[in-house]
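Visitor: Top line first, the protein sequences correspond to chains S, X, G, F, E and H.
FYI, my numbering numbers position 97 of the first sequence as 516, with every residue one higher than the one before it.
FYI, my numbering numbers position 59 of the second sequence as 478, with every residue one higher than the one before it.
FYI, my numbering numbers position 46 of the third sequence as 214, with every residue one higher than the one before it.
FYI, my numbering numbers position 11 of the fourth sequence as 179, with every residue one higher than the one before it.
FYI, my numbering numbers position 123 of the fifth sequence as 455, with every residue one higher than the one before it.
FYI, my numbering numbers position 58 of the sixth sequence as 390, with every residue one higher than the one before it.
For every residue, glycine included, the Cβ atom is placed at its ideal position computed from N, Cα and C.
Questions regarding the structure given below will be posed in turn.
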Amino acid sequence: MKFGILVNEGPYNHQASDSAYRFAKAAIDKGHQIFRVFFYYDGVLNATKHSDPPSDDRNVVKNWQKLAEDHKVDLVVCVAAGMRRGIVEDSLAPGFRISGLGQLIEAGIQADRMVTFGD
Amino acid sequence: MKFGILVNEGPYNHQASDSAYRFAKAAIDKGHQIFRVFFYYDGVLNATKHSDPPSDDRNVVKNWQKLAEDHKVDLVVCVAAGMRRGIVEDSLAPGFRISGLGQLIEAGIQADRMVTFGD
Amino acid sequence: MSTLHTVNKSPFERANLQSCLGHAQKGDSVLLLEDAVVAAMAATAMAPKLADAAQSVKIFVLGPDLKARGLDPAGVADGIGVVDYDGFVDLAAENSTVHAWL
Amino acid sequence: MSTLHTVNKSPFERANLQSCLGHAQKGDSVLLLEDAVVAAMAATAMAPKLADAAQSVKIFVLGPDLKARGLDPAGVADGIGVVDYDGFVDLAAENSTVHAWL
Amino acid sequence: MGDKMEEEYEGGVVKKFMFVNRKAPYGTVYALEVLEMVLISAAFDQDVHVAFLDDGVYQIKKGQDTKDLGHKNFSPTYRALEGYDIEKLFVERESLEERGLSEADLLVDVEVVSRADMAKLMGEMDVVMTA
Amino acid sequence: MGDKMEEEYEGGVVKKFMFVNRKAPYGTVYALEVLEMVLISAAFDQDVHVAFLDDGVYQIKKGQDTKDLGHKNFSPTYRALEGYDIEKLFVERESLEERGLSEADLLVDVEVVSRADMAKLMGEMDVVMTA
């Protein structure tokens, strides 16, 4: 089955991004496909390459990066939401790409299920 | 009277930063002093120099910058909270500085009132 | 010693106004701002609770936040004062502590 | 057609679980995750409300989120199923739509 | 508009989408950014529904005036949705009543439905987007 | 530790600080970052109080195990507060009861107080920090 995932909140302040990551990983491990993960609202902040959390905690940005690397998951950051919040091409960690909100609607159409994680 | 202000949330997603700015401006206009504005939790995201909101909306980061320029308000971003969220020296808009959480406790001691804005 | 309590979330969605009112002391002030301003309107299901609280604490609401949400200050419940940011600053100065119920 | 409803906030703090239960249809499933897991414990003041809801919808709680908060899966109310992320994925696949109550 | 968009979107699938608004405007950005999502969805020729319930009903309250806040007043955009062929707007009656509001307080034409009917409608959707 | 810190902090003012915790851990970061704030405050020789009420009582629930989440389990740090001379920890009885918890469920020594007494204590503070 093809899942689309929407992440509404940034890393650390809310668990939303962690839950989305765990869900995506479990889905892949079970043989499902992640059609796309779309980052909207404060969710765009997950894409920052400058995040450097304490070494005894999880690294939310790296978790997403690794998922993209290992399983070619399409990680898309909303351009307009990113501009409001200072996430631009220069700030992107590897594995993320910036695009329009249409990519979210497209995920809603193409995926068998859309699953949203937020505050 | 000396006010200390704590901002817990980033720009746009929550009104907290806007309310804090309006409060600070009103206090200054009434002849009070802002001892310090401390940005903690997602509040550190107010300091990004990359924010570029639509031109028909307010510019939260610029509002703070101008307040610092016009009234020498001390805008302090928590170093540890910033590292988690990707706000580092390179990302800082003019007028903000990065320092430790001790600066918040000091504001609590030195200011006559601490006023907190959050989610 | 008195406290200004600030509440910024709608009581229809969050419990912080209720928790605030359960802890405010006689003579304290409560300021409703941001999404909490909806609690000040006389016509809502929250009105009796607020009227009750207004017996022992002073309740205020931030006018600019009412206006933004299309809520008419004339519709605010009796006993609740409408203030602007200047008034918010005055309340913070008049009380010895400000407690934000987040 | 059936829906998996997800709720991630404590019912002591937010109204989203209540709103969810007010809209879930017979045969739907509700998954409590993140801070909402506290609602699943048999000993809380919320238990009667959940037991009531469990008459018409299936209620699940995410085990890893319970454990993180020091809540013993053995203390979960009767009629509520404990699942892990695998189970979450299965629920999302088995139902035709997923509705997150944010 | 419909024909043009169908050409642009090659999938040909038409799903029932619902954008659910449960939060008040201005205190958080969700109302505004959901609205941007709804506008974009118009380009994909889907069966779009927009629901307002709980504090979401405040998003379409008449008379919003944000001058003193500095926020952009985006409420007129709800009235522009019709021009994008987004006409299925639903408001929950119980949510209005609890807040002392009625249909006359709303700035756009909507269908006011009971909680039970809103629940039923939600159950018929393929994709539910919330924030 | 007290003597050394008094030399370091020259202001000499001692205020009553209260850090108020109303939110559950892990779902949001507030619990962790408030704890970091509390730890820093120890260096300033103030009269520090830490309050747990509403869902904040879950922060000090025994038996937290975050292995499956990847989050750091920071709950043992509450037990370390004593070493920083932060010993005034208060928990609201009504908040415990609503959640079916008792003092035996807590991982650290605290004073359990009624809501009325918590309210009175809050009223005596100079600085209240919340998140």
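Quick one: residues in its chain with C-beta nearer than 7 Å to the C-beta of V229(F), no 5 flanking neighbours on either side, listed in chain order?
Guide: Numbered from 1 along the fourth sequence, position 61 holds the residue referred to as residue 229(F). The answer, listed in chain order, is L200, V205, A208, V244, I248 and V250.
Visitor: Taking its Cβ as the centre, do 16 or more other Cβ atoms sit within 10 Å of Q223(G), making it buried, or is it exposed?
Guide: In the third sequence, residue 223(G) corresponds to position 55, counting from 1. Answer is exposed; the Cβ neighbour count stays below 16.
Visitor: Leaving out the 5 sequence neighbours to the left and right, which residues in its chain are closer than 7 Å to C188(G) when beta-carbon positions are compared?
Guide: The residue labelled residue 188(G) in the question sits at position 20 within the third sequence. The residues are H173, V175, V198 and W269.
Visitor: I want to verify the contact list: residues of chain S whose CB lies under 7 Å from the CB of G402(H), in sequence order.
Guide: For the purposes of this step, residue 402(H) is identified with residue 70 of the sixth sequence, where counting begins at 1. Correct list: D437 and R477.
Visitor: Can you tell me whether DSSP reads H403(E) as helix, strand or coil?
Guide: Indexing the fifth sequence from 1 puts residue 403(E) at position 71. Judged by DSSP in its simplified three-state form, H403(E) adopts coil rather than helix or strand.
Visitor: Helix, strand or coil, according to DSSP, for A268(G) in the structure here?
Guide: If you number the third sequence from 1, residue 268(G) lands on position 100. Three-state DSSP puts A268(G) in a strand.
Visitor: Could you name the residues of chain S that T409(E) contacts, counting a contact when the two beta carbons are closer than 8 Å?
Guide: One-based indexing of the fifth sequence puts residue 409(E) at position 77. The premise fails here: T409(E) is roughly 14 Å from chain S at the closest Cβ pair, so nothing lies under 8 Å.
Visitor: Return the chain-ordered ranges of every alpha helix (DSSP H) run that is complete within the stretch 374–451 of chain H and spans a minimum of 4 residues.
Guide: Here the runs fully enclosed are 408–412 and 425–430.
Visitor: Should E488(S) be labelled buried (16 or more other beta-carbon atoms within 10 Å of its own) or exposed?
Guide: Here residue 488(S) refers to the residue found at position 69 of the first sequence. E488(S) comes out exposed.
Visitor: Mind pulling the chain H residues with CB within less than 7 Å of A487(X)?
Guide: Here residue 487(X) corresponds to residue number 68 of the second sequence, with the count starting at 1. Simply none; closest approach about 23 Å.
Visitor: Which of the three DSSP states is assigned to M404(X) in this structure?
Guide: The structure shown has nothing for residue 404(X), since chain X only spans 420 to 538.
Visitor: Give the C-beta separation of Q529(X) and F422(X) to the nearest angstrom, bearing in mind that I take them to be a contact with Cβ-Cβ under 8 Å.
Guide: Taking the first residue of the second sequence as 1, we reach residue 529(X) at position 110. Taking the first residue of the second sequence as 1, we reach residue 422(X) at position 3. That belief does not hold up - the Cβ atoms of Q529(X) and F422(X) are roughly 11 Å apart, past 8 Å.
Visitor: Distance cutoff 9 Å, beta carbons only. Does Q529(X) sit that close to anything in chain E?
Guide: Taking the first residue of the second sequence as 1, we reach residue 529(X) at position 110. Judged by the 9 Å Cβ criterion, Q529(X) is not in contact with chain E.
Visitor: Quick one: give me the first and last residue of the alpha helix (DSSP H) that R504(X) is part of.
Guide: Here the question's residue 504(X) lines up with position 85 in the second sequence. The continuous alpha helix (DSSP H) containing R504(X) extends over residues V498 to R504.
Visitor: Start and end of the beta strand (DSSP E) containing L199(F)?
Guide: As a working note, residue 199(F) is residue 31 in the fourth sequence. Note, L199(F): beta strand (DSSP E), S197 to L200.
Visitor: Pop quiz: L511(X) and Y440(X) are said to be a contact at Cβ under 8 Å. What is the actual Cβ separation, rounded to whole angstroms?
Guide: For the purposes of this step, residue 511(X) is taken as residue 92 along the second sequence, with counting starting at 1. For the purposes of this step, residue 440(X) is taken as residue 21 along the second sequence, with counting starting at 1. With 8 Å as the limit, L511(X) and Y440(X) do not qualify as a contact, their Cβ atoms being about 18 Å apart.
Visitor: What separation, rounded to the nearest whole angstrom, lies between the Cα atoms of I424(S) and F406(H)?
Guide: One-based indexing of the first sequence puts residue 424(S) at position 5. One-based indexing of the sixth sequence puts residue 406(H) at position 74. Approximately 29 Å, taken between the alpha carbons.
Visitor: Less than 9 Å between the C-beta atoms of V370(E) and V380(E), yes or no?
Guide: As a first step, residue 370(E) is located in the fifth sequence; it is residue number 38 there, counting from the start. As a first step, residue 380(E) is located in the fifth sequence; it is residue number 48 there, counting from the start. Against a cut-off of 9 Å, the Cβ pair of V380(E) and V370(E) comes out as a contact.
Visitor: Between which two residues does the beta strand (DSSP E) holding H173(G) run?
Guide: On the third sequence, residue 173(G) is found 5 positions in, with the first residue counted as 1. That run of the beta strand (DSSP E) goes T171 to V175.
Visitor: Are at least three pairs of beta-carbons, each pair with one atom in the stretch 254–265 of chain F and one in the stretch 351–359 of chain E, less than 8 Å apart?
Guide: no
Visitor: Taking buried to mean at least 16 other C-beta atoms within 10 Å of its own C-beta, is P472(X) buried or exposed?
Guide: By one-based count along the second sequence, residue 472(X) stands at place 53. The residue in question, P472(X), is buried, as its Cβ has 16 or more Cβ neighbours within 10 Å.
Visitor: Work out the CA separation of M350(H) and A183(F) for me, nearest whole Å.
Guide: By one-based count along the fourth sequence, residue 183(F) stands at place 15. By one-based count along the sixth sequence, residue 350(H) stands at place 18. The alpha-carbon atoms of A183(F) and M350(H) are separated by roughly 28 Å.
Visitor: For the stretch 352–379 of chain H, list every residue whose C-beta sits within 9 Å of some C-beta in chain G, in sequence order.
Guide: Answer set for the stretch 352–379 of chain H: V352, R354, K355 and Y362.
Visitor: Would you give the residue range spanned by the beta strand (DSSP E) that K348(E) belongs to?
Guide: On the fifth sequence, residue 348(E) is found 16 positions in, with the first residue counted as 1. That run of the beta strand (DSSP E) goes K348 to N353.
Visitor: Give the DSSP-derived three-state secondary structure of F180(F) in the structure shown.
Guide: For this step, residue 180(F) is matched to residue 12 along the fourth sequence. Reduced to three states, the DSSP call for F180(F) is coil.
Visitor: Cα-Cα, which of T462(E), R411(E) and Q396(E) is closest to L421(E)?
Guide: For the purposes of this step, residue 421(E) is taken as residue 89 along the fifth sequence, with counting starting at 1. Comparing Cα positions, the closest option is R411(E).
Visitor: Using Cβ-Cβ distances below 7 Å, what residues of the stretch 174–196 of chain G are close to chain F?
Guide: Answer in chain order: F180, E181, R182 and A183.
Visitor: Looking at C-beta atoms only, is the number of pairs between the stretch 489–499 of chain X and the stretch 428–442 of chain X that lie closer than 8 Å three or more?
Guide: no
Visitor: In the DSSP assignment, what are the bridge partners of H433(S)?
Guide: Here residue 433(S) refers to the residue found at position 14 when the first sequence is read from its first residue. Partner(s): T360(H).
Visitor: Applying a beta-carbon distance threshold of less than 8 Å, which residues of chain G neighbour T398(E)?
Guide: Reading the fifth sequence from its first residue, position 66 is the one you call residue 398(E). Going along chain G in sequence order, the residues near T398(E) (Cβ under 8 Å) are K235 and A236.
Visitor: L511(S) touches chain X at which residues, Cβ-Cβ below 8 Å?
Guide: Working through the first sequence from its first residue, we reach residue 511(S) at position 92. Ordered by position in chain X, no residue passes the 8 Å Cβ test against L511(S), which lies about 11 Å from the chain.
Visitor: Along chain X, in chain order, which residues have C-beta atoms closer than 7 Å to that of R503(S)?
Guide: Here the question's residue 503(S) lines up with position 84 in the first sequence. Those are Y431, S470 and P472, listed as they occur along chain X.
Visitor: Can you tell me whether M169(G) is buried or exposed? The criterion is at least 16 other CB atoms within 10 Å of its CB, across all chains shown.
Guide: Translated into the one-based positions of the third sequence, residue 169(G) becomes position 1. Within 10 angstroms of the beta-carbon of M169(G) lie fewer than 16 other beta-carbons, which makes it exposed.
Visitor: Hey, could you find the ends of the alpha helix (DSSP H) L523(S) is sitting in?
Guide: Taking the first sequence and counting its residues from 1, the one referred to as residue 523(S) is at position 104. It spans G521 to Q529 - the alpha helix (DSSP H) in which L523(S) sits, taken as one unbroken run.
Visitor: Out of V460(H), K452(H), E365(H) and Q396(H), state which residue places its alpha-carbon closest to the alpha-carbon of V498(X).
Guide: Against the second sequence, residue 498(X) aligns to sequence position 79. Per the Cα distances, E365(H).
Visitor: Label G395(H) either buried or exposed according to how many other C-beta atoms from any shown protein chain fall within 10 Å of its C-beta, with 16 as the threshold for buried.
Guide: On the sixth sequence, position 63 is the one that residue 395(H) refers to. Exposed, by the Cβ-count rule.
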